[in-house]
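Here is the structure we will look at, set down as structure tokens.
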Amino acid sequence: MSDAFQMSSRTSDCLEEEDGEEEEEEENYNPTEVKMSQIVMPCHSNHRQELSVGQLLKWMDSAACLSAERHAGSPCVTASMDDIHFEHTISVGQVVNIRAKVNRAFNTSMEVGIQVNCEDLFSDRHWRVCHAYATFVTQRTSTGQKVTLKPIVPLTQKEQVEYSVAAERRRVRMVHDDIIKDLLSNESVQQVDSSVGPNAVAAERTRVESVELVLPPHANHQVNTFGGQIMAWMVNVATIAASRLSQAHPTLRAIDMFTFRGPSQVGDRLLLKAIVNNAFRNSMEVGVRAEAYHEEGPNRHINSAFMTFEVLDDGGKPRTLPRIRPEPLEGQRRFQEATARKKIRLDRKYIISRTQGEVPLSVPWDPTNQVYLSFNNVSALKMLAARSSWRLSCEKDQVQLYTLEQKSMLSFKIECEVDVPAHRAFDLLAELSNRPSWDSHYKKCELIQLVDNDDFIYRVVTPSVRHGAMGSPTAANQAKGILQDFILLASKRKPCGSGDPYVIALRSVSLPTHPPTEGYNRGEVLCAGFTILETKDNKSLISYFNQASPEVLPYISTDIAGLSSSFYHTFCSCSQYLTRNRL
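Numbering (the numbering used here), first residue to last: 1154 to 1736.
Written out as structure tokens, the structure is:
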């Protein structure tokens, strides 16, 4: 983790690429974009002369709120914040540059993307600190009516990707609270180890309680307690709790997704409670709860958050932490749930937060990571479809074959309009078991697990081309009797709004019940699937995408080279299948 505090050459290169993309897109004015630049002064810093995370959260929330209100034209409040991973620290004298803009507006809520970069004025270096997604909701009018938001119109390729994937992120948020419950109910989380050593620290010693009086400077322009201020107070008590366990100055590494449950106003007393829920080898989870109360009346639960801290040695590496001794009953529950959250945190970090190419092929499938794999499956296909650099390779009778080269990756797209309603084409193509009837590359397709109404796992058998030659891969390899199989996660999504396509996304996963078997070459699919867009006269524009893995590329390479047109015959067969079953 020490590399988080040093600019590696790889990080610099990536950031230069990102900055280049941003410069190209600056010509397209986004009316919701808000830019904020702040120089870090000593009053903003901690004991290490680094910007305190609490202050950074206040700036981030302020910029995001201004962006949301610019789009809504009415007052907005923070509803939730997705996971935040802090990649670098910021020192006194450096400049924080924050860019916030609305990615997508739903009915009365909107997603705001927040990008935080740091600038060193003396070396002219720039680097990314964190990236976050916040959800804002509009406040009701004076008559109690909800404000309906106007839709966002993406102007650039990058904005189109964010717009499309925002719907999938919203889907994840809606099931977030249920994931831990499901994980604990499956009893897959270790039980509390009662045989802690003599050096274990009692969790009770880390407990912190603090009261803050909400004054006018703590409120926003709507006289509600500023969401960023509440987050800053929560970080403060969490840091104290982490310090009591480690007897050192901890570093905040991440904040889990959290939701504001209700408002707070000027004059409220905010009761902030924090305790270390669990200490792992090199990190600890601190749970924080914020309650508001007035002179009379019960406490109101405002927010709860879970923060991950590390303690770094002089070399910048995480130190080994003492173990925690949980309290009976409630403490043991928190201990167990922290273990579950650590597992979910890793799933989110290494599946959702990374690009499709960074996620290993055939990620092991289990019920606890299905939401994140499904998200990655759909979002990867949407990102691939949104690319603007597709090049027409060949065309025959309105069936077009496009290619896209990205570094060492070749992707292809086959596209054609069919005289079938989009919703009907979606239902037919989503039934993957029927694909062998129209696709000669599918010898067999069996459903092996029904995950839910939108996600399915199939075993697909195809002719292998691993030892094949140019020409027809099917004929060349069927003679050798070599077959290939894939274990595929199929995720289907209906449009979330006007202009959205139907999506059927495919990617490889691995199942312990279906290991590679003798007589089959186990192939892998990185990213593939269909998008179906409704066109005029009740027709559909059907696009098939595939990021060509070594097992898939030979099927299409002869078409790309112009040596055959099997893509055309396959798509004609698909069109005929859809037309036959149009009703």
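All C-beta atoms in this analysis are idealised placements derived from N, C-alpha and C, irrespective of residue type, glycine included.
Since the model is a prediction, treat every value here as computed from it, not as a measurement.
Residues that residue i bridges to, as DSSP identifies them
i: I1237; result: I1408
i: W1280; result: C1271
i: T1288; result: S1233, E1264
i: P1517; result: S1663
i: I1305; result: Paired residues: none, contrary to the question.
i: Q1202; result: Answer is none; Q1202 lacks a bridge partner.
i: E1570; result: L1694
i: R1544; result: T1556
i: Y1655; result: I1685
i: A1643; result: F1609, L1659
i: V1354; result: I1477
For residue i, the first and last residue of its enclosing beta strand (DSSP E)
i: G1650; result: From DSSP, G1650 is part of no beta strand (DSSP E); its letter is neither H nor E.
i: D1608; result: 1608 to 1616
i: Q1375; result: Taken as a continuous stretch (DSSP letters only), Q1375 belongs to no beta strand (DSSP E), as it is neither H nor E.
i: A1427; result: 1422 to 1432
i: S1590; result: Taken as a continuous stretch (DSSP letters only), S1590 belongs to no beta strand (DSSP E), as it is neither H nor E.
i: V1439; result: 1437 to 1446
i: T1461; result: 1453 to 1463
i: N1130; result: For residue 1130 there is no data in the structure shown, the boundaries of the chain being 1154 and 1736.
i: V1361; result: 1361 to 1366
i: M1189; result: 1187 to 1192
i: N1674; result: 1673 to 1675
i: E1449; result: Element bounds for E1449: n/a, residue is neither H nor E.
i: E1599; result: 1597 to 1603
Close-in-space but distant-in-sequence residues of the same chain around residue i (CB under 8 Å, 5 per side omitted)
i: L1398; result: V1354, R1358, T1359, V1429, A1432, M1437, L1474, P1475, I1477
i: T1627; result: Any reading at T1627 must be qualified, since the residue scores a pLDDT of 40, below 50, and its modelled position is unreliable; no value is offered.
i: R1434; result: T1473, L1474
i: E1570; result: Q1551, T1688, K1692, S1693, L1694, I1695
Start-to-end residues for the alpha helix (DSSP H) that takes in residue i
i: R1486; result: 1483 to 1500
i: F1720; result: 1719 to 1733
i: R1110; result: There is simply no residue 1110 to check, as the chain begins at 1154 and stops at 1736 in what is shown.
Any chain C beta carbon closer than 7 Å to residue i
i: V1255; result: The question asks about chain C, but that chain is absent: this structure has only one protein chain.
Where residue i sits in the DSSP three-state scheme
i: T1242; result: coil
i: Y1182; result: coil
i: G1469; result: coil
i: A1253; result: strand
i: G1380; result: helix
i: D1214; result: helix
i: K1535; result: helix
i: G1207; result: helix
i: F1698; result: strand
i: T1684; result: strand
i: T1294; result: coil
i: D1638; result: strand
i: Y1555; result: strand
i: F1259; result: coil
i: R1326; result: helix
i: N1529; result: helix
i: Y1316; result: helix
i: S1155; result: In this prediction, S1155 scores a pLDDT of 38, lower than 50, which makes its location untrustworthy; the coordinate-derived value is nonetheless stated afterwards. DSSP places S1155 in helix when its eight states are reduced to three.
i: R1476; result: coil
i: S1227; result: coil
Chain-order list of residues whose beta-carbon lies under 6 Å from that of residue i (same chain, five-residue window excluded)
i: P1307; result: Q1313, Y1316
i: V1388; result: V1206, G1207
i: S1541; result: Q1310
i: E1186; result: K1254
i: D1608; result: S1527, S1644
i: P1228; result: Q1292, Q1375
i: L1736; result: none
i: L1686; result: P1654, L1694
Sequence-distant residues of its chain with Cβ nearer than 7 Å to residue i (five each side left out)
i: V1282; result: F1239, E1240, H1241, I1243, V1269, N1270, C1271
i: E1203; result: T1242, I1243, S1244
i: N1530; result: L1642, S1644, A1658, R1660
i: A1391; result: A1427, V1439, V1441, M1460
i: L1731; result: V1571, V1573, A1578, L1581
i: A1232; result: S1262, T1288, F1289, V1290, T1412, F1413
i: H1329; result: M1410
i: V1325; result: V1524, F1528
Sufficient close CB pairs (3 or more, under 8 Å) joining the region 1513 to 1528 to the region 1449 to 1469: Contact annotation: the region 1513 to 1528 does not touch the region 1449 to 1469, with fewer than three C-beta pairs closer than 8 Å.
Report yes or no: do the region 1686 to 1695 and the region 1565 to 1583 share at least 3 C-beta pairs separated by less than 8 Å? Segments in contact, yes.
Do the region 1367 to 1378 and the region 1194 to 1210 touch if we need at least three Cβ pairs shorter than 8 Å? With a cut-off of 8 Å on Cβ pairs, the region 1367 to 1378 is not in contact with the region 1194 to 1210, counting fewer than three such pairs.
Quick one: any contact between the region 1189 to 1204 and the region 1366 to 1373, if contact means 3 or more CB pairs under 8 Å? Pairwise C-beta distances place the region 1189 to 1204 out of contact with the region 1366 to 1373, as fewer than three of them are shorter than 8 Å.
Pairing CB atoms from the region 1480 to 1493 with CB atoms from the region 1461 to 1471, are three or more of them under 8 Å? Contact fails: fewer than three Cβ-Cβ distances are below 8 Å.
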